[in-house]
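In this text, residue positions in the sequence shown follow numbering that gives the first Met the number 0: the first is 0, and each later residue adds one.
Backbone N, C-alpha and C define an ideal beta-carbon position, used for all residues, glycine too.
Note that the structure is predicted; figures quoted are calculated from it, not measured.
Here is the structure we will look at.
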Amino acid sequence: MPIPARGPDVVAAGAVVVRKDNGGEVLLVHRPKYDDWAWPKGKQESGEHITTTAVREVLEETGVEIRLDRPLPRQVYLVSGAKAKTVHYWVGRVVGDSDVSSYAVNDEIDQVAWFSFDKARAMLTYADDIELLDEVEKQPKRTTALAVVRHGRATKRGTWTGSDDERPLTTVGRMQAKALIPVLSAYGVTRVVSSDSLRCMHTVAPYARDHVLGIEAVPGVNEEDSTPVTVSTTVDSLLATKENAVLCSHRPVLPGIMTALGVSEEPLSPGELVVVHHRKGRVVATERYLVR
């Protein structure tokens, strides 16, 4: 008998949403089709960044808006058609109102409720979901996100006749800058810091405009003026805050930034970013994405 052709893999995302109420609670959903209690999650839409998927699915399935905290282990399992399904998870932090009493139940989700950690452990249907709960309970404290970005693709030095700090982004670079908007939004970035070179400023400008934020131009992380001291000072100031931030810089400067963070990363491509999750100056987790 011929082996059935394997269908395309399925990619999904969700979150273990946490709030402080009553000593700490997590948000579960009940699906009548499967009669199970699970974490809110759903499939990635075409052209959608996976971080956006997680935030959107939680909102659609619970009515609660979140920002992403640190990443959690992925779940990988087989579904119908011999397809592999990968579900990306993060800790989710509520943005605004956490009340779910007015959620409009439907055929997909007929109950949404907050439970204590102990009650959730008893309610969850799947062992893999309980493992995620255990992972969150080990470190339930909120972390802060710092997205370190290499500027988008810029006009080549050899073809640019003006000052290097005014070298602009290419069409691809401008597309990368726009693609950063949903990714940074998913982490709730509210502070925008950049080298004062035009290609860096223009990489984060679309996000800043979209969220009505100013850009803090820092000469100490540009190619011409950066030193180990200025880089370390900039990084230390960002690690000292609880404000989610983005820092845009250049290929030659990024190794110093990573060293100051205590993070080991291969060189970033234009438009690539590393999201560093930190708490009290200590790096808890990192993620890496190339926006297109």
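Whose C-beta lies closer than 6 angstroms to the C-beta of residue i among residues of the same chain, with five residues either side of it excluded?
i	result
Leu-123	Trp-36 and Ile-129
Arg-198	His-150, Ala-153, Arg-166 and Leu-168
Thr-52	Ala-12 and Gln-43
Residue i lies in the beta strand (DSSP E); which residues open and close that run?
i	result
Val-307	No statement about residue 307 is possible, as the shown extent of the chain runs from 0 to 291 and does not include it.
Gly-41	40–42
Pro-70	65–78
Val-282	281–289
Val-86	82–93
His-48	That residue, His-48, is in no beta strand (DSSP E); it is neither H nor E in DSSP.
Glu-271	271–278
Asp-35	35–37
Assign residue i to one of three DSSP states: helix, strand, or coil.
i	result
His-29	strand
Val-57	helix
Glu-107	coil
Arg-156	helix
Gly-219	helix
Ile-2	The pLDDT assigned to Ile-2 is 48, lower than 50, so where the model puts this residue is not dependable; a value taken from the coordinates is nonetheless given after this. Correct three-state label for Ile-2: coil.
Gly-22	helix
Give me, in chain order, the residues of the same chain whose beta-carbon lies closer than 8 angstroms to that of residue i; leave out the 5 immediate sequence neighbours on both sides.
i	result
Val-290	His-48, Gln-175, Ala-178, Leu-179, Val-182, Gly-270, Glu-271 and Leu-272
Asp-8	Lys-82, Ala-83, Lys-84 and Thr-85
Val-94	Glu-64, Ile-65, Arg-66 and Gly-187
Gly-213	Val-191 and Ala-207
Val-78	Val-9 and Lys-84
Ala-204	Ala-176 and Ile-214
Nearest-angstrom Cα distance between residue i and residue j?
i	j	result
Leu-131	Gly-13	11 angstroms
Val-10	His-87	8 angstroms
Tyr-102	Leu-267	42 angstroms
Pro-25	Asp-127	In the sequence as presented, Pro is not what sits at residue 25; that position holds Val. So the two alpha carbons sit approximately 16 angstroms from each other.
Ser-196	Arg-208	18 angstroms
Arg-190	His-249	19 angstroms
Arg-152	Val-90	32 angstroms
Ala-144	Arg-278	9 angstroms
Leu-54	Ala-185	Residue 54 is actually Val in this sequence, not Leu. Each residue's Cα considered, the two are about 6 angstroms apart.
Ser-97	Lys-140	18 angstroms
Val-287	Val-147	It is worth fixing the name first, because residue 287 is Arg in this sequence and not Val. Answer to the nearest angstrom: the Cα atoms are 9 angstroms apart.
Ile-2	Ala-239	Residue confidence is low: Ile-2 scores 48 on pLDDT, short of 50, so the model does not pin down where it sits. Its coordinate-derived value is still stated next. Rounded to whole angstroms, Ile-2 to Ala-239 spans 56 angstroms at the Cα level.
His-150	Gln-74	32 angstroms
Ser-194	Leu-253	11 angstroms
Val-19	Phe-116	The question names Val, but residue 19 is Lys in the sequence shown. For Lys-19 and Phe-116, the distance between alpha carbons rounds to 11 angstroms.
Pro-31	Tyr-206	39 angstroms
Asp-224	Asp-163	13 angstroms
Asp-34	Val-17	23 angstroms
Tyr-125	Gln-110	17 angstroms
Gly-41	Val-282	29 angstroms
Ile-108	Glu-136	25 angstroms
Glu-60	Arg-92	15 angstroms
Val-245	Thr-233	12 angstroms
Pro-227	Lys-155	26 angstroms
Pro-218	Leu-237	15 angstroms
Gly-261	Gly-255	10 angstroms
Val-230	Asn-21	42 angstroms
Residue i lies in the alpha helix (DSSP H); which residues open and close that run?
i	result
Leu-131	126–137
Thr-142	It is not in any alpha helix (DSSP H) - Thr-142 carries neither H nor E in the DSSP assignment.
Gly-360	The shown model of the chain, from 0 to 291, leaves out residue 360, and the question about it has no answer.
Asp-117	116–122
Leu-246	Careful: Leu-246 lies outside any alpha helix (DSSP H), inside the beta strand (DSSP E) at 244–248.
Leu-253	253–260
To which residues of the same chain is residue i closer than 7 angstroms at the C-beta, ignoring the five residues directly before and after it?
i	result
Ala-295	This structure cannot settle anything about residue 295, because the visible part of the chain is limited to 0 through 291.
Ala-119	Val-25, Leu-27 and Leu-132
Return yes when at least one heavy atom of the ligand COA lies under 8 angstroms from the C-beta of residue i, else no.
i	result
Val-147	By its list of ligands, the structure shown contains no ligand whatsoever, and the ligand COA lies outside what it can speak to.
Item to check | beta strand (DSSP E) runs contained entirely in the stretch 163–209, provided each spans 3 or more residues | outcome: 190–193
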